[in-house]
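Going left to right, the sequence shown walks through residues 369 to 668 as our numbering numbers them. Positions of the beta carbon are idealized from the N, C-alpha and C atoms, including for glycine.
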Amino acid sequence: MALHVSDAEIVYPKRHHKERFQNDLGTLNQHYPENCYYDGKVRGIEDSYAFISTCSGGLTGTVDDGKTRYNIIPKYDGIKHYYHNVENQMKKEYKGMKNSDVNENNKVKKEKLHTKTEKTVLLSDASSLINIEPVYLPYTRKETLYAEILVSCDYKMLRKYNNDKSLLIERVLNIFGQVDRAYQAINLRIVVVAIDIQKDASSFRRHDLANDDIDSFEKYVNVIREESEFENVNFDCAIFLSHNSWPRNSGKANLDTMCKTNCISIVYWEYENDAATVHTIGHEFGHNLGFLHDEGILVV
């Protein structure tokens, strides 16, 4: 299989021009992403898709040949790769997401399907929209909107990646690059402005149930907005990536909260199934935007 790819257009906020992550001392370091993210197609197949990165030396990403979707992930020895057909895993993922994955403790009621626009910015360098399925046309914007995201990583994730922060950051940006590409269908860009890498122990109290975990993470986010090195980093929503899943849930989101202080999602990070993680993040982020489940489609 031959790929025809070019540099992926990952949008960075004009105020920051960089990613940020929390180091061992609790201060902010600046991270300048390399030009090692690519998207495109399988050569000769129009109805195909590829998004890969090569920052760590191996190939990481997702390839869809129009019939079958595959994950490409380096093995932990750094030499060989996993190359998985993810169709069966995704069917299981879709089924699981029809369970309750909107925070039951979140009392915000859904009235209209719309995106909050308190921080609307027209991006002059926005790429042209990818092909839009008819079901998404009512939600398409004439001007490009962007959502700034703080990503918080479970401390167990860093251990899983052998304490290699650069590798962890690459994997996070790869996944969010794919989510960003999906949301271009409605002219919305997703911008990771900060990565909170937890170390040695969880930064907030963890729970067995997703509803309890999302409430605990929300309290943590409200603290770091005001009393941490992130207090000068503006973000519209915070997403926690968890090493473990929850009973009956791969993720949970506060509904219709974009640009509010309770715009929160929690997502299970699947180390060997990038497509499932991309789908879960996109799905929960859709709930943050105000999308509900529909019998005909899921959020993304």
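Test item: CB-CB of residue i and residue j under 7 Å
{"i": "V561", "j": "E516", "result": "yes"}
{"i": "S520", "j": "D564", "result": "yes"}
{"i": "S603", "j": "L541", "result": "Contrary to the premise, residue 603 reads as Phe rather than Ser in this sequence. No, they are not a contact pair."}
{"i": "Y551", "j": "I558", "result": "yes"}
{"i": "D624", "j": "G654", "result": "no"}
{"i": "Y523", "j": "K587", "result": "no"}
{"i": "E599", "j": "S421", "result": "no"}
Residue closest to residue i, alpha-carbon to alpha-carbon, out of the options
{"i": "T645", "options": "L657, H611, D624", "result": "H611"}
{"i": "N397", "options": "D583, P442, S534", "result": "S534"}
{"i": "A606", "options": "S596, T629, Y529", "result": "T629"}
{"i": "W614", "options": "E594, E638, K443", "result": "E638"}
{"i": "N656", "options": "E640, I649, A621", "result": "A621"}
{"i": "D548", "options": "T512, M525, L526, R411", "result": "T512"}
{"i": "C631", "options": "S570, D642, E652", "result": "E652"}
{"i": "Y569", "options": "R527, A553, S596", "result": "In the sequence as presented, Tyr is not what sits at residue 569; that position holds Ala. Residue R527 is the option with its Cα nearest to A569."}
{"i": "K443", "options": "M525, Y636, G412, Y529", "result": "Y529"}
{"i": "Y405", "options": "L427, E414, I413", "result": "L427"}
7 Å Cβ shell around residue i - same chain, five flanking residues per side excluded
{"i": "Q322", "result": "For residue 322 there is no data in the structure shown, the boundaries of the chain being 369 and 668."}
{"i": "Y348", "result": "The structure shown does not extend to residue 348, since the chain is modelled only from 369 to 668, so the question has no answer here."}
{"i": "K409", "result": "H372, S416, Y417, A418"}
{"i": "D432", "result": "S416, Y417"}
6 Å CB neighbourhood of residue i in its chain, flanking five on each side removed
{"i": "I592", "result": "F598"}
{"i": "R509", "result": "N555"}
{"i": "F608", "result": "S520, F585, I634"}
Cβ neighbours of residue i in the same chain (closer than 8 Å, five flanking residues each side left out)
{"i": "T436", "result": "N453, E455"}
{"i": "M626", "result": "T483, K484, A515, D604, C605, N656, L657, G658"}
{"i": "E402", "result": "C423"}
{"i": "R574", "result": "D581, S584"}
Bridge-paired residues (DSSP) for residue i
{"i": "A606", "result": "L518, I632"}
{"i": "Q546", "result": "Looking at the DSSP assignment, Q546 forms no beta bridge with any residue, so it has no partner."}
{"i": "N531", "result": "Beta-bridge pairing links N531 to no other residue."}
{"i": "R437", "result": "D432"}
{"i": "L660", "result": "DSSP lists no partner for L660."}
{"i": "H449", "result": "P442"}
{"i": "L513", "result": "L556"}
(request) Scan the stretch 554-629 and note each continuous beta strand (DSSP E) run of 3 residues or more that stays entirely inside, going in chain order. (result) 556-565, 605-610, 619-621
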